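Positions 597 to 791 (this note's numbering) are the ones given, in order, by the sequence shown.
To start, the structure under review is shown below, and the notes come after it.
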Amino acid sequence: MLDRPVVFAEPVFAQGRTRLLELLRIHAFAEREVVLSSGQRSNFYIDCKTVSLDAEGSFWIGLLFRRLIDVVAPTAGAVGGLTLGADPLATAVAVQSFQAGRPLHAFIVRKEPKGHGTGQWLETARRLDPARPVVIVEDVVTTGASTIKAIERATASGLTVAAVVALVDRLEGGRAAVEAHAPLVALFDRRDFLP
């Protein structure tokens, strides 16, 4: 379990985490009845794409995720996850990693195999070095089902998953399910949004 690595105490990390939480609270969080992608009902919703697709939000996500990956998976060569929530996260990390001088390739795990050509599950798979582990990124972990699907498809494609980095853990059992496959670290959890 990776819960809160020491990097959380670094001043720039703490500043970025504070600002990203502010953006998520303002633009992504809503207290209302919803049905989640897991099929579960909930009295709150966090639509992380409203922040991950925002210029400032993408900047902070890329910076914070890249720094976490430097700590929890320093030998990683790529970052990706299940489309659509992971797409802007992986791209933000790839851009920040290039700027930091330690480029990580981004990849996308499809929900269904490509319907033509190679029929592949992973986009940019041929650019990935199977000798280097990858990190799966996720916007919100509830049951962990989509994260596990991404892990399984990456593994079936010959990759080794070193860790999972998520924006939000809803604390609804997903962590234990995911950690049966790979360690998980989340920037935030439900306690950051609900009293």
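Using N, Cα and C, we set each Cβ at its ideal position, and we do this for glycine too.
Here the structure is a predicted model, which means the values were calculated and not measured.
Could you check which residue in the options has the C-alpha nearest to that of residue i?
i, options, result
"Gly-677", "Leu-616, Val-730, Gly-658, Asp-765", "Val-730"
"Thr-739", "Ala-776, Leu-617, Ala-752", "Ala-776"
"Phe-655", "Arg-613, Tyr-641, Ile-622", "Arg-613"
"Ala-778", "Asp-788, Ala-759, Ala-741", "Ala-759"
"Ala-651", "Lys-710, Ser-693, Leu-619", "Leu-619"
"Ala-624", "Ala-696, Phe-694, Phe-640, Glu-768", "Phe-640"
"Pro-684", "Phe-604, Arg-787, Ile-704", "Ile-704"
"Glu-629", "Leu-617, Ile-642, Arg-621", "Ile-642"
"Arg-722", "Gly-754, Glu-627, Ile-732", "Gly-754"
"Ala-772", "Leu-617, Glu-708, Leu-724, Ala-741", "Ala-741"
"Ser-693", "Leu-680, Thr-679, Thr-671, Lys-710", "Thr-671"
"Asp-788", "Arg-621, Lys-710, Glu-627", "Arg-621"
"Gly-653", "Asp-725, Arg-615, Thr-679", "Arg-615"
"Glu-708", "Asp-725, Leu-680, Pro-699", "Leu-680"
For residue i, list the residues DSSP reports as bridge partners.
i, result
"Leu-718", "Val-705"
"Ile-665", "Beta-bridge pairing links Ile-665 to no other residue."
"Asp-785", "Asp-765"
"Leu-678", "Val-705"
"Val-691", "Val-691 pairs with nothing; no bridge assigned."
"Leu-780", "Val-760"
"Ile-642", "Phe-625"
"Val-630", "Ser-638"
Report yes if the C-beta distance between residue i and residue j is below 9 Å; otherwise report no.
i, j, result
"Val-668", "Ile-657", "no"
"Leu-797", "Cys-644", "Nothing can be reported for residue 797, as the shown portion of the chain is limited to 597 through 791."
"Val-737", "Arg-706", "no"
"Tyr-734", "Ala-682", "Before going on, a small fix: residue 734 reads as Glu here, not Tyr. Their beta carbons are under 9 Å apart, which means Glu-734 touches Ala-682 by this criterion."
"Leu-780", "Thr-743", "yes"
"His-701", "Ala-674", "yes"
"Ala-782", "Val-761", "yes"
"Val-602", "Asp-666", "no"
"Ala-696", "Leu-718", "no"
"Phe-784", "Leu-649", "no"
Terminal residues of the continuous alpha helix (DSSP H) containing residue i?
i, result
"Glu-775", "770-775"
"Gly-608", "Before going on, a small fix: residue 608 reads as Val here, not Gly. Segment 607-623, the alpha helix (DSSP H) holding Val-608."
"Ser-648", "645-648"
"Thr-756", "Where Thr-756 is concerned, there is no enclosing alpha helix (DSSP H), given that its DSSP letter is neither H nor E."
"Ala-746", "741-752"
Where do the N-terminal and C-terminal ends of the beta strand (DSSP E) with residue i fall, by residue?
i, result
"Val-733", "730-737"
Pairs of beta-carbons, one from the stretch 648-665 and one from the stretch 710-727, closer than 8 Å: are there three or more? no
Below 8 Å, can you find three or more Cβ-Cβ pairs linking the stretch 623-641 to the stretch 683-691? no
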